[in-house]
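Protein chains in written order, with the working numbering: chain A, 3 to 166; chain B, 3 to 166; chain C, 3 to 166.
What follows is the structure, encoded as structure tokens:
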């Protein structure tokens, strides 16, 4: 399997759209969809900058930033952006949830059962803490989107809630 | 291992009970326990409808819906409800966290160490976003409960918090 | 691999520090960092008592307690504190994300790629529900910190938000 691995950004990111922005001072709930079309079937791409931009748009100073793939063939996780490690992670995911086996899901005409298992392994969503208006992260924490059935339009939901 | 797989509902669901409902306008915190007794040792069953009913009871319009197995031998996840895929997922979990090995936990008289590992793999809890009074999901996202040591009474906690 | 397994506490826990405490009645957001230096490379240690102390300091009565490793070579999870099971879990993690393979990350001079995979498998963070001022847990649920590259200073973030 060939993977698109981008430690710095998200090729195929198309746009964000604000779905809801509710302010009940001092509380804010801000929801966006990101629209992506990753140019390869498999990818690990860095979403951190896009999430930080959504956080800035939200105005939230203290609270949580929830990031979720809206599809069951992709996922999100937090780890390092070192490019060798991205290759290690991609191979490791392929090893634990391999493509091309005789999955029963394929009786429906699909060929992507491995993508569902990869999503299960990765987790569909994550929560990041927000303190003083910033992602409250350690030095090396970065938010990654894992695409396991790409080359089609997908959405990632970002909901940021907290105190202004 | 024989699994009970129900893409549409949760056999053995007994009742819900509201544990706490705190309203501090415009904020609501609503907590329920679901009581289940799954009739087989292993199961993947669809909880989505039950969670949606709790969301409706909560009155929350924008916020988060947190769903958690209160046991360390079960878990929850979000993925597709296609029945072939449920068989694939059940076999995949069995493969990565197999029953019947010589686990040290079994020195206590238990025989369910595999269920703890399956719970670890699955995750004990998940968070779902709520926007405009509904689970803010993609087309195919469904909430599943994974039972790995059933035929006994278990609880699932649902806590929904947000703006009314 | 030799693991430090402590079902009761966290050897190497140094201190907590309150990073932020924001009160906008009736809402409280309380953020702490825990400082740890685990004396072995690999460990599964019980954080429950430390998290409960932070919850008490926060004053939150109903809401969520979010616990996150701030490093990409450690993780947190919820499961049982039985000592045989801790050995089973440690071996299982080692089996799925083994040390000492020819990882590409090691081209950077690091030797801890397995720790990143173990972190991925475990999850960097978890959310625990808080009801009536206590962790709303089943009988056997305990919060564990998984250290996969220890013997150095690390931080765990705890953010507790909710109604006073």
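Glycine is no exception: its CB is placed at the ideal position from the N, C-alpha and C atoms.
These figures come from a predicted structure and were not determined experimentally.
- Message: For the pair the stretch 111–119 of chain A and the stretch 21–36 of chain A, tell me if three or more CB-CB distances fall below 8 Å.
- Response: no
- Report the residues of the stretch 129–153 of chain A with a CB closer than 9 Å to any CB of chain C, ordered along the chain. 129, 130, 131, 132, 133, 134, 138, 139, 140, 141, 142, 143 and 144
- Message: For the alpha helix (DSSP H) containing residue 115/B, name the first residue and the last one.
- Response: 115–124
- Task: Please work out which residues of its chain come closer than 6 Å, Cβ to Cβ, to residue 161/A, disregarding the five sequence neighbours upstream and downstream, and give them in chain order.
- Result: 33 and 68
- Applying a beta-carbon distance threshold of less than 7 Å, which residues of chain A neighbour residue 64/B? 22, 24 and 31
- Name, going along the chain, the residues of the stretch 115–127 of chain C whose beta-carbon falls closer than 7 Å to a beta-carbon of chain A. 115, 118, 119, 121, 122, 125, 126 and 127
- Query: Quick check: the stretch 124–138 of chain B against the stretch 9–28 of chain C, are there 3 or more CB pairs under 8 Å?
  - Reply: no
- Leaving out five residues before and five after residue 60/C in sequence, what residues of the same chain have Cβ atoms less than 7 Å from its Cβ? 30, 32 and 162
- Close-in-space but distant-in-sequence residues of the same chain around residue 55/A (CB under 8 Å, 5 per side omitted): 18
- Return the chain-ordered list of same chain residues with a C-beta closer than 8 Å to the C-beta of residue 72/C, the five sequence neighbours on each side being excluded. 35, 156, 157, 158 and 159
- In chain order, each beta strand (DSSP E) run of at least 3 residues that lies wholly inside the stretch 38–109 of chain B: 44–48, 64–71 and 76–81
- Item | Cβ-based neighbour list, residue 85/B, same chain, cut-off 8 Å, excluding 5 preceding and 5 following | 7 and 9
- Message: Rounded to the nearest angstrom, what separates residue 132/A and residue 142/C at their Cα positions?
- Response: 30 Å
- Hey, out of 47/C, 80/C and 125/C, whose CA is closest to residue 152/C's CA? 47/C
- Start and end of the beta strand (DSSP E) containing residue 166/B? Run containing residue 166/B: none; DSSP gives neither H nor E here.
- Task: Go ahead and pull the three-state DSSP assignment for residue 138/B.
- Result: coil
- Cα-Cα separation between residue 27/B and residue 66/A, rounded to whole angstroms: 20 Å
- Using a beta-carbon distance cut-off of less than 8 Å, what residues from the stretch 84–107 of chain A approach chain B? 98, 99, 105, 106 and 107
- Task: For residue 27/A, name the three-state secondary structure that DSSP assigns.
- Result: coil
- Please list, in chain order, all residues of the same chain as residue 43/B whose beta carbon is under 7 Å from its beta carbon, the five residues on each side excluded. 151, 152 and 153
- Query: Residues bridged to residue 157/B by DSSP?
  - Reply: 37/B
- Whole-angstrom distance between residue 147/B and residue 83/A, CA atom to CA atom: 33 Å
- Item | Contacting positions in the stretch 6–19 of chain C - beta carbon closer than 8 Å to chain B | none
- Query: Can the beta-carbon of residue 128/B be found less than 9 Å from the beta-carbon of residue 62/B?
  - Reply: no
- Task: Output yes if chain C places a C-beta closer than 9 Å to the C-beta of residue 162/A; else output no.
- Result: no
- Item | Cβ separation of residue 126/A and residue 92/A, assumed to be a contact under 8 Å, to the nearest whole Å | At roughly 18 Å, the Cβ-Cβ gap does not stay under 8 Å, so residue 126/A and residue 92/A are not in contact.
- Query: Are the beta-carbon atoms of residue 95/A and residue 144/A separated by less than 9 Å?
  - Reply: no
- Name the chain C residues that come within less than 8 Å of residue 165/A, Cβ to Cβ? 24, 26, 29 and 31
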